[in-house]
Amino acid sequence: MNIAIIGAGLSGCVLYNNLIKKNHKITIFEKSRGTGGRLSTKYIHNRFCDHGTPYFETNNENFIKFCDNLIKKEILRKEKNRYIPTNGINKICSSLINKKDLKTETKIVACEYKNSKWCLKDSNNKTYDNFDILLLTIPSYQILELKIDLNPQIKRELKKVNYDSIFTMILHSNKNISLHKALKNTNIFKKIINNSNKYNYTDFSSFVLHSNEKFSNKNNTKTKEEIEKKLLNKLEKLNITFDKNFKIIPHLWKYAFAKNVLEKEFLYDEKQSLGVCGDYFLINNIEGAFLSSSKLSEYIKISIS
261 MNIAIIGAGL SGCVLYNNLI KKNHKITIFE KSRGTGGRLS TKYIHNRFCD
311 HGTPYFETNN ENFIKFCDNL IKKEILRKEK NRYIPTNGIN KICSSLINKK
361 DLKTETKIVA CEYKNSKWCL KDSNNKTYDN FDILLLTIPS YQILELKIDL
411 NPQIKRELKK VNYDSIFTMI LHSNKNISLH KALKNTNIFK KIINNSNKYN
461 YTDFSSFVLH SNEKFSNKNN TKTKEEIEKK LLNKLEKLNI TFDKNFKIIP
511 HLWKYAFAKN VLEKEFLYDE KQSLGVCGDY FLINNIEGAF LSSSKLSEYI
561 KISIS
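Numbering of the sequence shown is given in the numbering used here, commencing with residue 261 and proceeding in unit increments.
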């Protein structure tokens with residue numbers, strides 16, 4: 261079977277890892293520069309900075325088994341109930357695939373099913389064809405933006421999902437400096453991560469600041485630079501400024517978390533050999549992404565065996 265996967269976050273990479281073992285030919289298409297999705301890592305002066313999920317917890321036995329295997333590979337370490345990356349959280353995804361099958365900076369904009377085969381077209385008008393199965397792991401809104409003839413029932417399901425945005429700022433410096441103490445008393449930020457402390461960096465200061473949903477949702481139609489400026493102005497009015505030695509990298513997670521999830525493990529259209537999975541099925545986090553993609557890959561293995 262020739263399989264196309266759109267999205268190289270955890271869902272897409274788990275699908276790939278489970279299905280490649282059955283000797284299928286698989287191509288993963290990713291619009292950004294690498295794997296990860298919310299498990300993304302910025303590389304700054306050979307230092308890791310996780311600007312999405314910094315670490316996570318789980319009580320699910322199957323996901324624990326998956327994470328324990330990553331501990332053996334020294335990709336994760338465990339502190340109490342928390343799984344923490346050792347060399348960038350994006351290694352979770354990149355460890356699951358063969359890079360030769362990954363097409364980065366390739367935004368698929370159209371998908372056509374004709375004569376029992378899928379043909380894909382990217383934003384540069386380049387086509388990729390002859391796929392037997394198409395698997396979509398991107399946010400529901402991005403699926404609905406595709407030029408694709410979806411099964412009406414699948415389309416109805418995808419339209420049910422709504423998202424919260426999260427605006428994020430990475431602050432970094434080669435000097436050993438800290439954040440303004442008053443930051444923790446504001447209600448602007450949902451979470452502030454001391455990234456350098458996580459990696460035991462002593463000669464590199466790095467913090468990841470995730471603003472709350474209210475601020476992020478209100479400003480998610482602006483550019484990340486515009487949002488950064490607005491947030492800095494907001495802080496300045498509270499007499500909070502950042503040390504001039506900090507460099508700031510802004511990022512907008514427009515579809516950060518599903519506000520409401522679909523009460524099923526995945527979607528699959530038998531007539532079109534089209535599957536959908538991700539972190540908006542049952543659970544809206546990376547555990548949900550893992551479980552949804554695992555169930556979809558199991559289903560595909562059975563249906564094509």
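Glycine residues also receive a C-beta, built at the ideal position from the N, C-alpha and C atoms. Please read all numbers here as calculations on a predicted model, not as lab measurements.
Check                                                                                                                                                                : Outcome
Going by other Cβ atoms of all chains shown within 10 Å of its Cβ, with 16 needed for buried, is Tyr-303 buried or exposed?                                          : exposed
Whole angstroms are fine: how far does the CA of Phe-391 sit from the CA of Lys-450?                                                                                 : 42 Å
Confirm, please, whether the CB-CB distance from Val-274 to Ser-554 is below 8 Å.                                                                                    : yes
According to DSSP, simplified to helix, strand and coil, what is Tyr-559?                                                                                            : helix
Sort out for me which residues DSSP pairs Cys-371 with in a bridge.                                                                                                  : Leu-380 and Ile-408
Bridge partners for Tyr-401 per DSSP, in chain order?                                                                                                                : None, per the DSSP bridge assignment.
Restricting to Cα atoms, I'd like to know which of Leu-498, Ser-557, Ser-466 and Phe-526 is closest to Thr-301.                                                      : Ser-466
Measure the beta-carbon distance from Leu-431 to Phe-506 and round it to whole angstroms, keeping in mind my assumption that it falls under 8 Å.                     : 4 Å
If the criterion is Cβ atoms closer than 8 Å, does the pair Val-421 and Tyr-343 meet it?                                                                             : no
Count the C-beta pairs between the segment 473 to 492 and the segment 520 to 535 that are closer than 8 Å, then say yes if the count reaches three, no if not.       : no
Rounding to the nearest angstrom, what Cα-Cα distance links Glu-321 and Met-261 in this structure?                                                                   : 30 Å
Run through the DSSP bridge pairs and tell me what Pro-234 is partnered with.                                                                                        : In the structure as shown, the chain begins at 261 and stops at 565. Residue 234 is therefore absent and cannot be evaluated.
Closest to Tyr-559 by CA distance: which of Cys-537, Glu-547, Asn-436 and Glu-334 is it?                                                                             : Cys-537
Using only CA atoms, which one of Leu-299, Lys-374, Arg-293 and Thr-501 lies nearest to Lys-367?                                                                     : Arg-293
Would Ile-393 and Asn-277 be called neighbours here (beta carbons separated by less than 8 Å)?                                                                       : no
In whole angstroms, what is the alpha-carbon distance linking His-512 and Pro-314?                                                                                   : Rather than His, the amino acid found at residue 512 in this sequence is Leu. One C-alpha to the other measures close to 16 Å.
Go to Leu-330, then tell me how far its alpha helix (DSSP H) extends in each direction, as first and last residue.                                                   : 321 to 332
Within its chain, find whatever has a CB closer than 7 Å to the CB of Glu-547; leave out the 5 residues flanking it on each side and keep chain order.               : Thr-318, Asn-320 and Phe-323
Note down, in chain order, each residue of its chain lying with its Cβ closer than 8 Å to the Cβ of Ala-370, except the 5 sequence neighbours on either side.        : Leu-380, Lys-381, Leu-406, Lys-407 and Ile-408
Which residues bound the alpha helix (DSSP H) around Asn-212?                                                                                                        : Residue 212 is absent from the structure shown; the chain starts at 261 and stops at 565.
Would you list the one or two residues that DSSP bridges to Ile-393?                                                                                                 : Ile-263
Mapping the DSSP letters down to three states, classify Leu-362 as helix, strand or coil.                                                                            : strand
Where does Phe-550 fall in DSSP's three states?                                                                                                                      : helix
Residues in the same chain with beta-carbon distance under 8 Å from Glu-365, minus the five sequence neighbours each way, listed in chain order, please.             : Glu-290, Lys-291, Ser-292 and Arg-293
Is it buried or exposed for His-311, if we count other Cβ within 10 angstroms and need 16 for buried?                                                                : buried
In this structure, does DSSP put Ser-354 in helix, strand or coil?                                                                                                   : helix
How should Arg-416 be labelled, buried or exposed, when 16 other C-beta atoms within 10 angstroms of its C-beta is the threshold for buried?                         : exposed
Could you have a look at Ala-268 and say whether DSSP puts it in helix, strand or coil?                                                                              : coil
Where do the ends of the alpha helix (DSSP H) carrying Lys-494 lie?                                                                                                  : 484 to 496
In chain order, what residues of the same chain have a beta carbon less than 8 Å from the beta carbon of Asp-389, not counting five sequence neighbours either side? : Lys-377, Trp-378, Cys-379 and Leu-380
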